[in-house]
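Numbering (my numbering), first residue to last: 78 to 641. Cβ atoms here follow ideal geometry from the backbone N, Cα and C, with glycine treated the same way. On a predicted model such as this, the values are computed, not experimentally measured, just so you know. See structure below.
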């Protein structure tokens with residue numbers, strides 16, 4: 078980034094009336110006598126704050142400001158600049174893109190330091206600016222963070238974490254100080270970094286009688302990650318709550334929070350929930366990676382025919398499209414990918430969600446707030462007064478929301494929503510059970526997608542195998558002759574699980590004239606399913622078998638998520 082100095086630091090501060098001419102002259106004399114940079118002298122003399130200096134670099138010179146408190150730095154990036162060199166110049170590497178290394182420094186005009194880093198790393202250097210204090214804290218926290226979570230736990234002196242049992246609520250300030258100790262910050266940062274590296278969707282921090290358990294949910298399955306001594310429980314949980322802007326003194330009622338972290342040039346949103354249990358507060362952190370949610374319809378797992386059908390549905394001018402499945406089945410990813418596909422400047426897309434997990438450009442997103450009277454139903458009414466073309470309702474939970482969604486579809490709006498049912502035809506009966514008239518359902522719903530997520534076989538250790546005769550017999554009617562089956566043997570890349578990544582299984586019900594007649598007659602979902610299959614609909618199990626035969630997943634995974 079080219080740096081063009083418009084005004085000197087001193088001139089800028091005088092012009093902003095932060096210091097006087099006399100104070101500037103005095104600071105310059107002190108700087109010459111002590112051979113310290115003017116910025117340091119000004120702060121030492123308490124004439125300006127570190128933030129004033131950062132603002133000068135940001136506003137006058139166009140150098141981006143980095144808040145290191147919301148940054149996670151990977152160990153691989155840290156290894157580019159030795160700790161001694163980072164301390165010498167009070168700077169820290171942030172991320173590398175191509176041959177450009179972005180660093181945070183308090184003095185982005187220090188050409189000598191930048192040249193030394195450029196030569197050491199053999200990279201072009203792009204500076205960002207942070208305060209001296211933030212940099213010192215970051216250097217102390219991050220260097221030495223390498224190694225396992227267990228290594229960091231062993232290095233912590235338990236005596237520094239001592240707080241009398243039962244005093245956490247009455248001594249919040251002491252608890253806050255303990256939670257902001259560098260070792261605890263290191264530990265929590267390392268847990269989050271490891272979760273990001275493992276591509277975990279959730280971090281579970283679970284108090285037990287004698288310890289604090291940490292588990293990661295990876296590809297839909299929980300794995301134990303670490304066991305933390307009970308003495309560290311209050312400090313670790315409080316650190317997470319501080320990051321999430323929760324009340325650390327409140328431990329007897331559930332709380333929700335959220336925070337955002339920057340890592341390697343990207344952003345991770347963390348949605349945090351705490352719940353009191355017998356042995357302390359249970360905390361679950363959901364990792365929301367905005368770069369992974371909008372992966373495109375082609376990469377969700379639709380086969381060619383279902384993809385064609387789904388694309389035809391989402392460009393319809395009106396009607397309801399339902400996506401159904403249990404929690405964690407990928408409904409949000411499917412809906413957001415669909416919205417992103419049709420998101421153009423000529424459309425007004427508005428959502429009402431619980432909660433807003435990802436932010437979409439050009440989409441107006443609202444979050445329900447029942448305490449303030451904003452529910453799916455009331456929010457949907459307001460949306461209809463906002464001249465929308467496309468509406469997304471996070472979930473149809475009650476008759477009122479269902480009826481407003483139907484009316485919206487019948488008056489020329491395309492409506493996306495979700496339900497919790499086992500299969501696609503079951504969604505139609507669920508609406509009837511809620512109290513929606515069958516003729517309204519048949520007139521408004523244009524398609525239903527049921528889905529599940531299965532783990533995909535690790536490509537690094539994929540191998541063919543022969544399943545048991547029992548498995549082949551169970552699937553005999555749906556398997557071709559001499560089928561080939563694959564599984565993962567387990568390796569370092571997949572942490573010996575045999576799986577890495579996930580893809581969707583889909584069951585797509587298109588509302589044809591024949592299906593409409595069945596809805597009007599309140600036909601059981603089993604009969605609707607039979608008719609839909611005769612028309613070409615593949616069930617979740619059938620879609621899963623196709624993916625097994627294609628070598629994408631295993632029979633065990635398909636059985637796990639699609640019991641029939």
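Boundaries cannot be given for residue 96, as no beta strand (DSSP E) includes it and DSSP labels it neither H nor E. Restricting attention to 275, 286, 113, 100, the CA atom closest to the CA of residue 292 is found in 275. Taking a cut-off of 8 Å on C-beta distances, the region 589 to 597 does not touch the region 379 to 394, as fewer than three cross pairs fall below it. When C-alpha distances from residue 170 are compared across 518, 632, 147, 198, the shortest belongs to 198. Straight-line spacing of the CA atoms in residue 530 and residue 376 works out to 13 Å.
In the three-state reduction of the DSSP assignment, residue 294 falls in the strand class. Residue 583 sits close to residue 526, with the two beta carbons spaced by under 8 Å. Secondary structure remark: continuous beta strand (DSSP E) runs of at least 3 residues inside the region 418 to 460, in chain order: 426 to 430, 440 to 444. For residue 518 and residue 471, the gap between their C-alpha atoms comes out near 18 Å. Across the set 195, 330, 351, 339, the C-alpha of 351 shows the shortest separation from the C-alpha of residue 321.
Residue burial annotation: residue 439 is exposed, with fewer than 16 other C-beta atoms found within 10 angstroms of its C-beta. The C-beta of residue 358 has 16 or more other C-beta atoms within 10 Å across all chains shown, which makes the residue buried.
Judged by DSSP secondary structure, residue 527 falls within the beta strand (DSSP E) whose first and last residues are 522 to 534.
As summarised for the region 169 to 213, the continuous beta strand (DSSP E) elements at least 3 residues long and confined to that stretch are 177 to 182, 201 to 206, given in chain order. In the structure shown, the three-state DSSP call for residue 364 is strand.
If only uninterrupted alpha helix (DSSP H) runs of at least 4 residues are considered, those enclosed by the region 113 to 179 are 115 to 121, 127 to 138, 152 to 155, 160 to 166. In the structure shown, the three-state DSSP call for residue 102 is helix. Between residue 263 and residue 218, the C-beta gap is smaller than 8 Å, which places the two residues in contact. Taken through DSSP and simplified to helix, strand or coil, residue 623 comes out as helix. When 334, 405, 600 are compared, the shortest CA-CA separation from residue 506 is found for 600. Distance between residue 258 and residue 334, taken at the CA atoms: about 21 Å. The continuous beta strand (DSSP E) containing residue 353 extends over residues 343 to 354.
When the alpha-carbon of residue 533 is set against those of 578, 572, 560, 561, the nearest one is in 578. Residue 516 counts as exposed, since fewer than 16 other beta carbons sit within 10 angstroms of its beta carbon. The alpha carbon of residue 400 has as its nearest neighbour, out of 184, 496, 176, 379, the alpha carbon of 496. Excluding its 5 nearest sequence neighbours in each direction, residue 209 has C-beta neighbours in its own chain below 7 Å: 127, 167, 183, listed in chain order. Between residue 380 and residue 620, the CB-CB gap stays under 8 Å. The shortest CA-to-CA distance from residue 467 to any of 113, 402, 394, 447 is the one to 394. Apart from the 5 residues on each side of it in sequence, residue 513 sits with its Cβ closer than 8 Å to the Cβ of 476, 479, 480, 483 in its chain, given in chain order. A residue is called buried once 16 or more other Cβ atoms fall within 10 Å of its Cβ, and residue 299, having fewer, is exposed. In the DSSP secondary-structure assignment, residue 284 is bridged to 289. Rounded to whole angstroms, the gap between the alpha carbons of residue 228 and residue 303 is 11 Å. Taking C-beta atoms under 8 Å as the contact rule, residue 205 and residue 143 qualify, at a distance of about 4 Å. The alpha helix (DSSP H) runs lying completely inside the region 246 to 270 and spanning 4 residues or more are 249 to 256, given in chain order.
Per DSSP, the beta bridge partners of residue 581 are 530. Residue 147 is classed as exposed because its beta carbon has fewer than 16 other beta carbons within 10 Å across all chains shown.
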